[in-house]
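Below: the structure, in structure tokens.
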Amino acid sequence: MAAPLSTMKFWKPGSEGPGVSEERELTTETTGSPVIYNPHVSLSVEKQRQKLPIFKHRNHILYLVESYQTVVIVGETGCGKSTQIPQYLLEAGWAAEGKVIGVTQPRRVAATSVANRVAEERGALLGHEVGYTIRFDDCSDPRATRIKFLTDGMLVREMMADPLLKKYSVLMLDEAHERTLYTDIAIGLLKKIQKKRRDLRLIVASATLDAKKFQEFFNLNESGDPNKDTCGILTVEGRTFPVDVFYTVSPVPDYVKATVETVLKIHETEDDGDVLAFLTGQEEVEKVVTMLVEQARALSRFGVKKHLRVLPMYASLPYAEQMKIFERVPPTVRKVVVATNIAETSITINGIVFVIDCAFVKLRAYNPRTTIESLVVTPISKASASQRAGRGGRNRSGKCFRLYTEEDFEKLPAATVPEMQRTNLAPVILQLKALGIDNVLRFSFLSPPPAQSMVQALELLYALGGLDQFGRLTDPMGVRMAEFPLSPMFAKMLLESGNFGCSKEIVTIAAMMQIQNVFLVPPNQKKAAAKEHRKFAVAEGDHLTMLNVYEAFIKHQKGSQWCQEHFLNYKGLLRATTVREQLRRLMNKFKVPRTSSEGDPDVILRCIVSGFFANAARMHHSGSYRTLRDDRELYIHPNSVLFGEKPPKWVVFNEVIQTAKYYMRDVTAVESSWLVELAPHFYKQAQHGSLSSSKRAKVI
DNA sequence: GAGCACTGC
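Below you can see the structure in the form of structure tokens.
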């Protein structure tokens with residue numbers, strides 16, 4: 001019963017690996033502006049800074065920023081661009097006269113941690129000369145902060161108050177190649193701003209692949225004379241260690257099993273070094289962990305000296321479990337982290353030498369015709385594959401085992417489809433309208449979304465009353481909806497809650513719905529967790545259940561111990577209190593009356609309907625649900641408190657997600673008469689008493 | 001009885 005060790009066969013192609021980029025470099029004279037040293041900073045910090053690969057491009061970068069409105073910088077991993085470029089700009093005087101150098105990041109942690117590093121390098125207290133701004137946490141001083149790090153979503157929000165971003169002299173969009181929704185929105189808006197503000201400089205930090213696309217997008221020169229180009233490109237080499245890439249000799253029938261076998265093969269044949277394996281979801285991760293733990297036990301029985309420490313990693317794993325992957329292990333132990341895509345960009349684990357890549361990822365897709373989102377296991381892109389491989393070369397040279405053939409690798413798409421093209425656009429359109437983009441169909445998108453997604457978004461916003469029949473933002477409804485950091489349906493529900501007499505409860509419900517995994521289910525305590533969770537459940541559905549959870553949390557003084565006993569997500573609930581506070585402030589701003597339903601559930605449910613009437617379904621005699629709009633088959637999601645209970649006849653839901661079936665998430669029972677009453681433009685009562693719907697408010 | 005990749009305002 002020895003483990004099936006070396007069944008995996010890999011080979012290494014001639015010359016793979018992170019090579020040197022061949023991107024065109026501009027060869028221009030440098031300006032030679034002097035390096036200004038900060039007297040508060042020790043010389044050793046300066047020496048460290050000068051050792052970074054980007055340092056020798058310092059003057060060239062400053063020259064390019066001086067000469068071009070936009071500079072695309074292809075900065076490879078470890079070149080120091082995120083921390084150094086803002087400082088070079090500061091030293092060269094770009095923050096004079098109260099101007100600010102802004103640097104955006106797609107993720108909150110990146111914004112705060114880079115800000116920290118730069119403040120440290122400058123010997124400054126975070127929040128003064130160097131600061132950051134993310135949602136719920138503004139660590140910057142409008143008078144003192146010269147370098148400001150912020151999330152790209154925050155930058156878009158700032159445009160609502162200051163459409164030309166006048167306080168910034170330079171903006172650097174870091175990690176632009178990730179093409180997150182907000183990076184893409186910011187990119188389109190910045191192009192527009194640049195036409196009005198010729199003095200605003202833009203630096204787009206990107207990977208090699210997309211540099212040309214960015215350059216063409218931002219080049220405002222239409223003369224054909226390259227001397228008049230407004231956008232330049234510069235490539236800066238990185239500092240990473242080589243990673244040898246291996247492919248399987250033949251296609252792998254089952255990448256879960258292959259992952260297990262490859263880990264064992266590495267353990268058996270390779271030198272020291274931790275392993276990181278990529279899989280697509282929680283279920284696969286847990287399966288591989290279980291199988292490996294079993295094998296590890298067998299190995300230790302056979303007297304193999306070196307032990308395996310196998311750890312899962314995915315977003316919904318409880319926080320304490322997640323932290324284990326960062327713990328150091330003794331030299332006699334090899335750490336194996338089995339992770340979802342969270343390990344591709346969001347977290348970095350030190351000490352990883354070996355990477356196993358299954359070639360797949362779970363991605364969100366959006367169908368504008370049905371307005372249904374789905375999670376689909378999709379082949380990764382080449383860019384993703386090299387990002388995964390690079391996770392093995394952070395501290396020393398590494399090896400990446402790809403569980404697919406080189407031939408299949410060649411067939412992968414170059415880059416992942418940008419989020420803008422696979423999402424529900426209603427929130428995006430609402431924001432653009434609020435920013436004064438009247439004709440969103442003609443907005444300069446870096447990658448235009450499908451026209452049908454736009455049309456669907458406009459229809460929904462019209463039905464919610466956020467846009468008028470001409471597609472113009474309504475005032476006050478549309479204007480106010482756009483200010484909420486939530487999807488338009490939630491915003492509508494909140495703004496109506498004063499009229500329904502339940503704004504206190506609705507704010508709580510909206511806040512709770514922003515938290516993922518309120519109920520924790522540890523794999524080994526499923527029964528106990530379900531028993532605790534049932535205590536909060538009510539027959540009306542998930543919305544009121546969440547209200548119960550939140551009110552109990554407050555009643556028990558926001559206790560972490562109490563949360564643990566009831567298998568509730570403590571950090572999530574704390575976050576709900578902050579989200580709630582922010583929403584409450586917005587409600588005050590718009591003078592939504594503070595009212596309470598005083599225990600009457602119906603007013604709350606009716607208020608939910610006023611925002612979510614478009615997401616309604618009725619019980620079908622087949623036993624499944626059908627959407628009211630287009631008679632599509634739906635099921636209650638197994639995580640809903642209504643799952644397995646006596647099904648209500650009519651429900652509304654927050655969203656539908658397609659995995660194995662079409663599942664409604666966050667479901668609440670309603671009365672059909674409420675739908676007709678609260679959304680008469682959307683539904684009408686047919687003569688025989690049943691409810692039907694119409695796309696354009698027709699009445700029978 | 002069957003299941004949620006990951007961010008962000």
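Residue numbers for the first sequence follow UniProt numbering, so the first one is 1 and each next one is one higher.
Where a beta carbon is used, it is the ideal one built from N, C-alpha and C, also for glycine.
Below 8 Å, too few C-beta pairs join the region 156-164 and the region 386-405 to call them touching: fewer than three. Collapsing the DSSP output to three states places Cys358 in coil. Taking 8 Å as the cut-off, the Cβ atoms of Ser610 and Asp542 do not count as close. A check of alpha carbon separations from Glu344 across Pro331, Gly644, Thr332, Cys358 identifies Cys358 as the nearest. The C-alpha of Asn615 is placed about 50 Å away from the C-alpha of Ser223. DSSP, read as helix, strand or coil, puts Val609 in helix.
Proximity of the region 181-200 to the region 360-370 falls short of the contact definition, fewer than three beta-carbon pairs being nearer than 8 Å.
Each of Ser44, Gly78, Trp94, Leu43 was checked against the Cα of Tyr63, and the nearest Cα belongs to Trp94. The beta carbons of Thr416 and Ser381 sit closer together than 8 Å.
Contact annotation: Phe536 and Val521 have beta-carbon atoms that are not nearer than 8 Å. Using a Cβ distance threshold of 8 Å, Met513 and Met546 count as a contacting pair. If you draw a 10 Å sphere on the C-beta of Asn424, you find 16 or more other C-beta atoms in it, and that means buried. The Cβ atoms of Ile101 and Ser42 do not sit closer than 8 Å to each other. In this structure the region 663-681 lies against the region 598-610, because at least three pairs of beta carbons, one per stretch, are closer than 8 Å. Ranked by how close their Cα comes to the Cα of Leu171, the residues Ile73, Gly498, Ser453 have Ile73 in first place.
Residue environment analysis places Trp11 among the exposed positions, since fewer than 16 neighbouring C-beta atoms fall within 10 angstroms of its C-beta. Collapsing the DSSP output to three states places Gln658 in a strand. Judged by DSSP in its simplified three-state form, Asp666 adopts strand. Straight-line spacing of the CA atoms in Lys661 and Tyr88 works out to 53 Å. Using a 10 angstroms sphere on the CB of Pro106, the tally of other CB atoms reaches 16 or more, which defines it as buried.
With a threshold of 16 other beta carbon atoms within 10 Å, Leu125 falls short and is exposed. Taking C-beta atoms under 8 Å as the contact rule, Val656 and Leu634 qualify, at a distance of about 6 Å. In the same chain as Ala176, and ignoring 5 residues on each side of it, the C-beta atoms closer than 8 Å to its own belong to Thr183, Ile187, Val204, Ala205, Ser206, Asp210, Phe214, in chain order. Counting along the chain, Gln456 sits inside the alpha helix (DSSP H) bounded by residues 451-463.
The criterion of a C-beta distance shorter than 8 Å is not satisfied by Phe553 and Leu583. Bounds of any beta strand (DSSP E) do not take in Pro163, whose DSSP letter is neither H nor E.
For Leu568, the pairing in a beta bridge is given by DSSP as Phe519.
DSSP places Arg201 inside the beta strand (DSSP E), whose first and last residues are 201-206. The Cβ neighbour count for Tyr319, taken over all protein chains shown within 10 Å, is under 16; the residue is labelled exposed.
The residues Val252, Leu403, in chain order, have a CB closer than 6 Å to that of Ala258 in the same chain once the five nearest residues on each side in sequence are set aside.
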